[in-house]
Amino acid sequence: MKKAIVLLSGGLDSATCLAAALKAGFECYTMSFDYGQRHRNELAASENLSRAMGAKEHRCFVLDLRQWGGSALTDDTLSVPKEGVADTVPVTYVPARNLVFLSLAASWGEVLGAHDIFIGVNSVDYSNYPDCRAGFIKSFAETVRLGTCAVDDNWKWVIHTPLQDLSKAEIIRLGVSLGVDYSLTTSCYDPDSEGRSCGKCDSCRLRHQGFADAGVPDPTRYTE
Numbered sequence: 006m007k008k009a010i011v012l013l014s015g016g017l018d019s020a021t022c023l024a025a026a027l028k029a030g031f032e033c034y035t036m037s038f039d040y041g042q043r044h045r046n047e048l049a050a051s052e053n054l055s056r057a058m059g060a061k062e063h064r065c066f067v068l069d070l071r072q073w074g075g076s077a078l079t080d081d082t083l084s085v086p087k088e089g090v091a092d093t094v095p096v097t098y099v100p101a102r103n104l105v106f107l108s109l110a111a112s113w114g115e116v117l118g119a120h121d122i123f124i125g126v127n128s129v130d131y132s133n134y135p136d137c138r139a140g141f142i143k144s145f146a147e148t149v150r151l152g153t154c155a156v157d158d159n160w161k162w163v164i165h166t167p168l169q170d171l172s173k174a175e176i177i178r179l180g181v182s183l184g185v186d187y188s189l190t191t192s193c194y195d196p197d198s199e200g201r202s203c204g205k206c207d208s209c210r211l212r213h214q215g216f217a218d219a220g221v222p223d224p225t226r227y228t229e
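For the sequence shown, this note's numbering gives the first residue as 6, with consecutive numbering after it.
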């Protein structure tokens, strides 16, 4: 069975991505990141999802992106926008986050002999983050080949983005067909102390609208 690293944030998209990797027959090693994010409840969600969905192993890598902030998710002096989904890069963008995460996934993958990496990026219903776009993923696949033993040993990395061109509703329908329990996921950027979603940030709005468009009941606990 081929091995794959699956980036698992604990959100709707990454859970669906894990389900797709399992359906494709991969032995999955899931990876989440404690990077100082304000929505830390996603870390417990990712561990629970990994266990519930049958991944081989789960790792949570710790790094402190609060050292320089630059995002409402890593700097408490910045507020999470709640006026609607932005059409430009919003302040919730964490600079180079997926570049860092994919690089660390490749590091673990090279140790495991897992040359496939799954990431739930999407460039349809998304918050305009540049590191979620197809051009970045294509470029990274070549960069990681040149920066690892793949370049000398004549193998290549495959970066799987099964959700890249799907709407949020299509992602949810796919997940339902694969048996994903979305009540185990969390997407909110600014949950309350009880882990309830704010219902107003970009991520909450996209998630809620996705369930509505898919005709699937939204299992999320919202504050209002």
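Ideal Cβ placement from N, Cα and C applies to all residues, glycine included.
* To do: Taking P222 as the reference, give the member of D195, A174, D92 and P135 with the closest Cα.
  => A174
* Chain-order list of residues whose beta-carbon lies under 7 angstroms from that of C209 (same chain, five-residue window excluded) -> S192, C193, S202 and C203
* Write down the C-beta distance between S37 and G15 rounded to the nearest angstrom, noting that I regard them as a contact closer than 8 angstroms. => 7 angstroms
* To do: With a cut-off of 8 angstroms on the beta carbons, I'd call L179 and T21 a contact; round off their distance for me.
  => 6 angstroms
* **Bridge partners - Y34, DSSP secondary structure assignment** => Per DSSP, I10 and E62.
* Asked: Hey, is D223's beta-carbon within less than 8 angstroms of any beta-carbon in chain B?
  -> Among the chains of the structure shown, chain B does not appear; only one protein chain is present.
* **Buried versus exposed, by CB contacts within 10 Å (16 or more), T153** => buried
* Asked: In chain order, what residues of the same chain have a beta carbon less than 7 angstroms from the beta carbon of V105, not counting five sequence neighbours either side?
  -> none
* Compare the beta carbon distance of L78 and R43 with 8 angstroms and say whether it is the shorter of the two. => yes
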